[in-house]
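Have a look at the structure below before the remarks.
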Amino acid sequence: MAYTPQYYPGNTSVGANRRKHMSGNLEKLRDIPEADVVAIMGHRAPGADYPSTHPPLKEMGEPDCPIRQLVEPTPGAAAGDRVRYSQFADSMYFAPSIPYWRSYWAAINCRGADPGTLSGRQIIEARERDIEAYTKKLMDSEMTDVARCSMRGCTVHGHSLRLEENGMMFDMLARTEMGADGNVYYVKDQVGIPLDKKINVGKPMSEDELKKRTTIFRYDNISFGGKVGARKFDEALEALHHMWELRTKWGFRPE
Amino acid sequence: MVTIKSDTESEPVQVEIFPSRFLSPETTQKLLNELYKSGGIVRMMIQGPNLPRTVTYGPGKGLPIEEHRNLLVEVGGEILELRVKVGRIRVELEGEEFLPGIQAACERALPFGFQIKRGKFFREISTISDYAKYGKDADKRILGLVDPRAKKESALAILSEKDSDEKEER
């Protein structure tokens, strides 16, 4: 019998969405051209050659190593690309993904990637052509809503701030804007350098859609626990409380 | 400038208006004018995250942020330049009788929810920074209105000089 990984327990929509994000079995909602993703990332001009830090692995003559024979290098590593990053901030107002789930997604589904979770933002580092492919996947999939998530390489705060009047997450550098046609446009790359042309990333999700797709437990949607909007604790919470109790009282020692 | 109040006059009250979303310059202007018209305002402070004129950090450091330039609002005939994304407004009123007017002004100007909290939001005692900035005999109504590092000239607007009708904004 083939092994099916079990990623996250729980019967709530949040639990189901968390399983989806971790498994990588995501719905594709939009198709942003690759050149546009590259332009927003801002590491190289779209269409330009990939700068490299070392010659392609095939030309380097690698040492005889069983692990190297076993593990196939990613396209970026094989070509000797630089390591580059993309970083996203997600609003606490029902953004589809949150930093930990972006990291789970990257760690489980992306080869040769180094995800890093911070309180309100999440960064993934990888070889340049690999990170471009991963970022496109992120931006095209249901892990991203164009109003509540945005690519921010620096000056990232916005996660825990109130939204703007038009429902966009606040951005100190004004990298994205809501067009008159209801679409969201990137006008600057992720570090705030103006783009040559505005990049249309599509329409934001409705509030109901966001609540359906979010991986955030919130008292005003699906609560994690507690007294306000309390729900029956599911398996995950039972397990968490159990661990907390054992750890607090006696030191957690699974044996 | 402290005016001596008679026994019949009510005590000043302080309130904080906390909208559920950040305000655009247009809504800010509308709200401030509604508040101004509702009367009884001694002083008012607007607060929120900074809107820098240039990129402050990273590879794009120093590049201008055109979106944040010339965000002008007109209140009581004065034109002010917004330097923050308005997230909360603190107001000192002459008395409790002006509270319903504040509530009504917010309902007229804000298309979304808001909270009004009553409390104490401005300090009365001069700090060392205040002493260094305003001197020994500073007008007590200025205390707590602007950031200690901000320049008084650019962060403070005096809308009326008439005794207790004096109104200030950041």
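In order, the protein sequences belong to chains A and B.
For the first sequence, my numbering assigns the number 340 to the initial residue and increments by one for each residue that follows.
For the second sequence, my numbering assigns the number 4 to the initial residue and increments by one for each residue that follows.
Idealized CB from N, CA, C, for every residue including glycine.
Predicted model only: the values in this text are computed from it and were never measured.
Give the secondary structure of residue i by DSSP, where H, G and I count as helix, E and B as strand, and everything else as coil.
i                 : result
ILE561 of chain A : coil
THR26 of chain B  : Here residue 26 of chain B is Leu; the residue named in the question, Thr, does not match the sequence. Strand at LEU26 of chain B.
PHE101 of chain B : helix
TYR600 of chain A : Since the first and last residues shown for chain A are 340 and 594, residue 600 of chain A lies out of range.
ASP166 of chain B : Below a pLDDT of 50, predicted positions are generally treated as unreliable, and ASP166 of chain B, at 45, falls in that range; no measurement from the model is reported.
VAL353 of chain A : helix
GLN17 of chain B  : strand
TYR443 of chain A : helix
TYR432 of chain A : coil
GLU95 of chain B  : strand
ASP420 of chain A : strand
ALA135 of chain B : helix
LEU549 of chain A : helix
ARG358 of chain A : helix
LEU146 of chain B : coil
LEU534 of chain A : strand
LYS120 of chain B : strand
ALA160 of chain B : strand
LYS527 of chain A : strand
VAL376 of chain A : helix
GLN345 of chain A : coil
GLY541 of chain A : strand
LYS367 of chain A : strand
Whose C-beta lies closer than 7 angstroms to the C-beta of residue i among residues of the same chain, with five residues either side of it excluded?
i                 : result
THR474 of chain A : VAL376, MET380 and SER425
PRO67 of chain B  : ARG56 and THR57
ALA578 of chain A : none
GLU574 of chain A : PRO348 and GLY349
SER129 of chain B : ALA141 and LEU146
ILE532 of chain A : GLY381
PRO395 of chain A : ALA417, ALA418 and GLY419
LEU365 of chain A : LYS359, SER480, GLU481 and MET482
SER132 of chain B : PRO151
Rounded to whole angstroms, what's the CA-CA distance from residue i to residue j? Just pull it up for me.
i                 : j                 : result
PHE21 of chain B  : GLY451 of chain A : 46 angstroms
ALA417 of chain A : ASP150 of chain B : 54 angstroms
ARG24 of chain B  : PHE427 of chain A : 22 angstroms
GLU95 of chain B  : LEU148 of chain B : 11 angstroms
GLN529 of chain A : ALA513 of chain A : 10 angstroms
MET507 of chain A : GLY497 of chain A : 10 angstroms
LYS33 of chain B  : ASP453 of chain A : 48 angstroms
VAL422 of chain A : HIS382 of chain A : 10 angstroms
ASP484 of chain A : LYS88 of chain B  : 23 angstroms
GLY90 of chain B  : LEU26 of chain B  : 7 angstroms
PRO385 of chain A : ARG86 of chain B  : 35 angstroms
ALA158 of chain B : GLU84 of chain B  : 9 angstroms
THR343 of chain A : MET582 of chain A : 25 angstroms
GLY415 of chain A : CYS449 of chain A : 12 angstroms
GLY51 of chain B  : ARG152 of chain B : 16 angstroms
HIS71 of chain B  : ALA445 of chain A : 35 angstroms
LYS397 of chain A : TYR60 of chain B  : 39 angstroms
LEU162 of chain B : LYS64 of chain B  : 36 angstroms
PRO372 of chain A : PRO412 of chain A : 26 angstroms
LEU549 of chain A : ASP429 of chain A : 12 angstroms
PHE117 of chain B : GLU110 of chain B : 9 angstroms
GLN461 of chain A : VAL78 of chain B  : 41 angstroms
TYR134 of chain B : ARG126 of chain B : 13 angstroms
ASP510 of chain A : ILE406 of chain A : 44 angstroms
LEU502 of chain A : ALA465 of chain A : 31 angstroms
ASP599 of chain A : LYS359 of chain A : No statement about residue 599 of chain A is possible, as the shown extent of chain A runs from 340 to 594 and does not include it.
GLU467 of chain A : ASP370 of chain A : 20 angstroms
MET4 of chain B   : VAL495 of chain A : Interpretation of MET4 of chain B is limited by its pLDDT of 36, a score under 50 that renders its predicted location unreliable; the figure taken from the coordinates is listed afterwards. Rounded to whole angstroms, MET4 of chain B to VAL495 of chain A spans 43 angstroms at the Cα level.
ALA107 of chain B : ASP559 of chain A : 27 angstroms
PHE572 of chain A : THR587 of chain A : 20 angstroms
Note down, in chain order, each residue of its chain lying with its Cβ closer than 6 angstroms to the Cβ of residue i, except the 5 sequence neighbours on either side.
i                 : result
GLU99 of chain B  : SER13 and VAL16
LEU113 of chain B : PRO22
ILE92 of chain B  : ILE20 and ILE49
THR606 of chain A : Not covered by the structure: residue 606 of chain A. The range shown for chain A is 340 to 594.
LEU74 of chain B  : PRO28 and LEU85
TYR439 of chain A : THR456
Could you name the residues of the same chain whose beta carbon sits closer than 8 angstroms to that of residue i, not counting the 5 residues immediately before and after it, in chain order?
i                 : result
ILE105 of chain B : VAL18, ILE20, LEU38, SER41, VAL94, LEU96 and ILE119
Sorry if obvious, but does the Cβ on residue i come closer than 7 angstroms to a heavy atom of the ligand MG?
i                : result
VAL58 of chain B : No copy of the ligand MG appears in this structure; indeed no ligand is present at all.
Of all Cβ atoms in chain C, is any one closer than 8 angstroms to the Cβ of residue i?
i                 : result
GLU574 of chain A : Absence of chain C from the displayed structure is noted, the protein chains being A and B.
**Message:** For a minimum of 3 consecutive residues, which ranges assigned as the beta strand (DSSP E) are wholly contained in the segment 446-495 of chain A?
**Reply:** 453-456, 460-466 and 488-490
**Item:** Contiguous beta strand (DSSP E) assignments of at least 3 residues, all confined to the segment 491-522 of chain A
**Value:** 515-517
**Prompt:** Quick one: any contact between the segment 135-143 of chain B and the segment 33-53 of chain B, if contact means 3 or more CB pairs under 8 angstroms?
**Reply:** no
**Request:** Determine contact between the segment 515-525 of chain A and the segment 536-543 of chain A, defined as no fewer than three beta-carbon pairs at a distance below 8 angstroms.
**Result:** yes
**Prompt:** Below 8 angstroms, can you find three or more Cβ-Cβ pairs linking the segment 391-405 of chain A to the segment 479-495 of chain A?
**Reply:** no
**Item:** beta strand (DSSP E) segments (min. 3 residues) lying fully within the segment 21-86 of chain B
**Value:** 44-50, 75-78 and 81-84
**Prompt:** Between the segment 402-412 of chain A and the segment 551-566 of chain A, do at least 3 Cβ pairs fall closer than 8 angstroms?
**Reply:** no
**Message:** For the pair the segment 349-369 of chain A and the segment 542-556 of chain A, tell me if three or more CB-CB distances fall below 8 angstroms.
**Reply:** yes
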